[in-house]
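Just so you know, the sequences run in chain order A and B. Numbering follows my numbering, with no gaps: position 127 of the first sequence is 138. Numbering follows my numbering, with no gaps: position 198 of the second sequence is 209. For every residue, glycine included, the Cβ atom is placed at its ideal position computed from N, Cα and C. All values derive from a computational prediction rather than experimental measurement. Report on the structure given below.
Number of protein chains: 2
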Amino acid sequence: MRAIILSIGDELILGQVTDTNAGWLSARLVEHGIVPEYHETVADDLNAIVASVRRAASGAGLVLITGGLGPTRDDLTREALAHVLKVPLVLHKPSLGTLREFFKKRGRVMSESNTVQAMFPRGARVLDNPVGTAPGFSARIGRAAIAVMPGVPREMRFMFARHVVPLLGKRRAGAVLTARINVFGMGESVVGERLGELMRRDRNPLVGTTASDAVISVRIRGEFASNLSGKLAMRRTVAEVKRRLGDCIFSEGDVTLAAAVGKLLAVRRKTLATAESCTAGLLGAMITETPGSSRYYAGGWVVYSNKMKSACLGVPADLVRRHGAVSEAVARRMAEGALKMARSDYALAITGIAGPGGGAPGKEVGMVWIALAVKSGGRVAVSAEKFLFPGERALVRDRSAKAALDMLRLAMVRA
Amino acid sequence: MRAIILSIGDELILGQVTDTNAGWLSARLVEHGIVPEYHETVADDLNAIVASVRRAASGAGLVLITGGLGPTRDDLTREALAHVLKVPLVLHKPSLGTLREFFKKRGRVMSESNTVQAMFPRGARVLDNPVGTAPGFSARIGRAAIAVMPGVPREMRFMFARHVVPLLGKRRAGAVLTARINVFGMGESVVGERLGELMRRDRNPLVGTTASDAVISVRIRGEFASNLSGKLAMRRTVAEVKRRLGDCIFSEGDVTLAAAVGKLLAVRRKTLATAESCTAGLLGAMITETPGSSRYYAGGWVVYSNKMKSACLGVPADLVRRHGAVSEAVARRMAEGALKMARSDYALAITGIAGPGGGAPGKEVGMVWIALAVKSGGRVAVSAEKFLFPGERALVRDRSAKAALDMLRLAMVRA
């Protein structure tokens, strides 16, 4: 089935907000064996929305639309669909009741402008929204099934799961299988070279690579006559990819590097503490994105100032003066200090120059020292590594946190 | 001038990566007075790219294309453009030299697969890429100027600034002026109601609202005959928006909440420390996204376990037992402890239940206590507030960190 995804909003066209809906919906469709044909984004402009919906509906079996269902005057998706469907907008009283209830429950008074959110093109099926104020709706334009959902990602996701997924189940045909293998610490061209002929475009399953924030993902996607033959072919390709990329692979699917490290810690019943300077909490925040991370993450220190490095982690002020805050000696003492204070099995320490200021000859922006302290028996072993990350502040910080996680991961899997 | 933005990549169509390029390019075009007509995303598929480029080039004056310039077999943008232009791909020797140099500098051997990155449609102008391996290129298709850039955001941004911006300067016509005013702590419908008739769609400048992660942005955009008359009209509208929204406004333009708070601290020469439980470093990481934040941010504690709360911040274990880790009493002691240990002027503490697990009757998922300790004279004043954030783990954590920042902001601006 041909599927098309439309995103509507001035904020998207003006570049004020990044559209995450199109990608999320794509991933869900792919899980159901449907590869979308294209994404299109247009402004909160009646003519633009009408033209975009007409083009999409003319060729596709399924059109998913997000955005433009808010309560304000710049929300025109309802009107545009009514226009394409050649019907008026009519008030849906049950939705108005639900809306009033929604506000009442939260102790707020519904503003009159919200009433428009209970209006729908006549004949459309209303899709309720228990987690927000904007109900969606579905309708048919020619052969195409159209679902219109709010632009707020959380509300859209809820509505998709509740109202759109049941539609997809019935439509599934053949077997499209996908897999993803995630690699850290290896460049995309090296990954491509190791994969070699596996990446030929006439192959089934197809193998491709994507680089995103230093994580290289190998994407495998095949279209098969049957589920069984597909699974066998997928398994063979996945095994071959794994053989070629070795322990640079940290996970499969959408398991992040932090979650993969967390799983290794949990399985080994080990705990981790962190001591962060230039990343200032980013590493801790990454680790705790995973629910249940309190099983293995004790906590940590954000020692942004030199005073904090000494006061909290016992890094001698003299050591900082002699070697500088960004140095192997300081990174090692930070890791040791965190390990001892938190009584954890592992401790990671990061100190570096994230930029754009703060660089100096021999200590250029992007230079980062990362240390790993490991408790084994009654002793503490500390290792440290120097990195030079090119790029801007956010990138240096992101790479630093990930490199620290990967250092710990390799220490565990190679032990 | 009509401008269109195309993003190319299986990873986008399959929803494995979020496209940030289209939004970023849009924002830059808008700064140059060009509002793009639409964004379209297609797969690494020769026919799809060809069709998409033809459609875009047929109506527009400017087409910006990103993605599909990598070294692997699934990168087909070069070929597609050659196809549309009806010319062959030819090797550009200077680019090959630069490529070899790029790898040599980094102590790596260039893999042969990278050679394809030095091939371009005959007659195209090569756009060099000193920060990555994929050069871009520009060409004309009919009346349309086409610029093709790599999909890696950092490389694309660099190339855009270096090679595409000079193109835009010459093309600017009339005056499109934009402004953005950012609000926290007020729902989108309330903002819309306060703005009232300012949001009429026949108004110039147009006023719209966007909600993104609890920040409501009021976007103002006007098209004017002259720059001067435009500036006056914009100033009047901005002033009126400010009058209606009061001190819920934390910034204008792209200044984040954390940066706005940082500015207030810097101006007052005050310092801040943090004590985080459920956010586990996210607050510290947000604060330090701003370069120069070391002037006002001392650092903090990630006290994820109860042991850490007691050991690092002196929260009595007994207090945790009696009230629970997520309680007003514990939040207050965390803030006080952080203030004293860091010797800072302010300290923010967050303790809450981010979920999905860990909820209990009376302590449901999303319940968060935030405390602010303020040093004034020789005394310490502590205030605390309870929040109930609906939604999933990442959302609860994000809202908690922002609510903490806003608590500090209001304490400063209302003092």
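Where B:Arg182 falls: helix, strand or coil (DSSP)
A caution first: B:Arg182 carries a pLDDT of 48, below 50, which makes its placement in the model unreliable, though a value can still be read off. Correct three-state label for B:Arg182: helix.
Is there at least one Cβ from chain A nearer than 8 Å to B:Trp4's Cβ?
Residue 4 of chain B cannot be examined here, being either before or after the span of chain B that is shown, 12 to 426.
At a CB-CB cut-off below 9 Å, which residues of chain A make contact with B:Ser237?
Neighbourhood of B:Ser237 in chain A, by CB distance below 9 Å: empty, with the nearest CB roughly 22 Å away.
Three-state secondary structure (DSSP) at A:Thr83?
In this structure, A:Thr83 counts as coil in the three-state DSSP scheme.
Determine the direct distance from the alpha carbon of A:Gly325 to that of A:Leu350, and round the result to whole angstroms.
Each residue's CA atom was taken as its position, placing A:Leu350 and A:Gly325 some 12 Å apart.
How big is the Cα-Cα spacing for B:Leu243 and B:Val46?
Spanning the two alpha carbons is a distance of roughly 21 Å.
Going by DSSP, which residues form a beta bridge with B:Glu51?
In the DSSP assignment, B:Glu51 forms a beta bridge with A:Glu51, B:Leu17.
Counting only C-beta atoms, is B:Pro256 closer than 8 Å to chain A at any point?
Inspection of the sequence shows that residue 256 of chain B is occupied by Leu rather than by Pro. No, because no Cβ of chain A sits closer than 8 Å to the Cβ of B:Leu256.
Just checking: is the beta-carbon of B:Asp409 within a distance shorter than 8 Å of some beta-carbon in chain A?
No, B:Asp409 does not count as interfacial toward chain A.
Quick check on B:Gly366: does DSSP put it in helix, strand or coil?
DSSP places B:Gly366 in coil when its eight states are reduced to three.
Taking A:Leu87 as the reference, give the member of A:Leu96, A:Arg119, A:Ile19 with the closest Cα.
Residue A:Ile19 is the option with its Cα nearest to A:Leu87.
With C-beta atoms as the reference, is B:Asn32 less than 8 Å away from B:Gly162?
A contact, by the Cβ cut-off of 8 Å.
Measure from the C-beta of A:Glu204 to each C-beta in chain C and report whether the shortest distance is under 8 Å.
This model lacks chain C altogether, as its protein chains are A and B.
Helix, strand or coil: which one does DSSP assign to A:Ser3?
Lying outside 12 to 426, the shown extent of chain A, residue 3 of chain A is not represented and no answer is given.
Residues that A:Pro47 contacts on chain B, provided the C-beta gap is smaller than 8 Å:
Those within 8 Å of A:Pro47 in chain B are Ile24.
Could you pull out every residue in the same chain whose Cβ sits closer than 7 Å to the Cβ of A:Ser106, ignoring the five residues on either side in sequence?
The residues are Ala129, Val137, Pro146.
Mind the definition here: the stretch 276-284 of chain A touches the stretch 337-357 of chain A only if three or more C-beta pairs lie below 8 Å; say whether that holds.
Yes, since at least three Cβ pairs between the stretch 276-284 of chain A and the stretch 337-357 of chain A fall closer than 8 Å, the two stretches touch.
Do you know how far the Cα of B:Arg133 is from the Cα of A:Glu48?
If you draw a straight line from the Cα of A:Glu48 to the Cα of B:Arg133, it comes to about 29 Å.
According to the neighbour-count rule (16 or more other Cβ atoms, all chains shown, within 10 Å of its Cβ), is B:Lys320 buried or exposed?
Answer is buried; the Cβ neighbour count reaches 16.
Looking only at its own chain, which residues have a Cβ that is under 7 Å from the Cβ of B:Tyr435, when we skip the five neighbours before and after it?
With chain B represented from 12 up to 426, any question about residue 435 of chain B goes unanswered, as that position is not in the structure.
Quick check on A:Pro216: buried or exposed, where buried means 16 or more other Cβ atoms within 10 Å of its Cβ?
With 16 or more Cβ atoms within 10 Å of its Cβ, A:Pro216 is classed as buried.
May I ask you to report which of helix, strand or coil DSSP gives A:Lys397?
It is a strand residue.
Can you pull out the residues from the stretch 75-107 of chain B whose beta carbon lies closer than 7 Å to at least one beta carbon of chain A?
Cβ proximity to chain A below 7 Å picks out Gly81, Pro82, Thr83, Arg84, Asp85 from the stretch 75-107 of chain B.
Span of the alpha helix (DSSP H) around B:Leu206
Taken as a continuous stretch (DSSP letters only), the alpha helix (DSSP H) holding B:Leu206 covers 199-206.
Leaving aside the five residues before and after A:Gly1 along the sequence, list all residues of the same chain whose C-beta is less than 7 Å from its C-beta, in chain order.
Absent from the structure is residue 1 of chain A, since the part of chain A shown begins at 12 and ends at 426.
Which same chain residues end up closer than 6 Å to B:Arg119 when comparing Cβ atoms and leaving out the 5 residues on each side of it in sequence?
Here the set comprises nothing.
B:Val424 classed as buried or exposed, judged by whether at least 16 other C-beta atoms fall within 10 angstroms:
With fewer than 16 other Cβ atoms within 10 Å, it is exposed.
Helix, strand or coil for B:Pro99 per DSSP?
Collapsing the DSSP output to three states places B:Pro99 in coil.
Beta-carbon of A:Arg182 versus every beta-carbon of chain B: anything under 8 Å?
Its pLDDT being 48, under 50, A:Arg182 is placed unreliably by the model, and the measurement read from it follows with that caveat. With 8 Å as the cut-off, A:Arg182 does not count as an interface residue toward chain B.
Give the single residue among A:Ser63, A:Ile152, A:Ala67, A:Glu123 whose Cα lies nearest to the Cα of A:Thr431.
Past the boundaries of the shown model lies residue 431 of chain A; chain A is included only from 12 to 426, so the question cannot be answered.
Does the beta carbon of A:Glu234 come closer than 8 Å to any beta carbon on chain B?
Nearest CB-CB separation between A:Glu234 and chain B: not below the 8 Å threshold.
What's the call for A:Lys413, buried or exposed, on a 16-neighbour Cβ count within 10 Å?
By the 10 Å Cβ count, A:Lys413 comes out buried.
Does the Cβ of B:Ser427 have 16 or more other Cβ atoms within 10 Å, making it buried, or fewer, making it exposed?
This structure cannot speak to residue 427 of chain B, because chain B is shown only from 12 to 426.
Taking the alpha carbon of B:Phe235 as the point to measure from, which residue in B:Ala250, B:Arg214, B:Arg255 has its own alpha carbon closest?
With distances taken between CA atoms, B:Phe235 lies nearest to B:Arg214 out of B:Ala250, B:Arg214, B:Arg255.
Within chain B, the residues that A:Arg165 reaches when beta carbons sit closer than 9 Å
By Cβ distance, chain B contributes Pro401, Gly402, Glu403, Leu406.
Does A:Leu293 have its Cβ less than 8 Å from a Cβ in chain B?
Yes, because at least one Cβ of chain B sits closer than 8 Å to the Cβ of A:Leu293.
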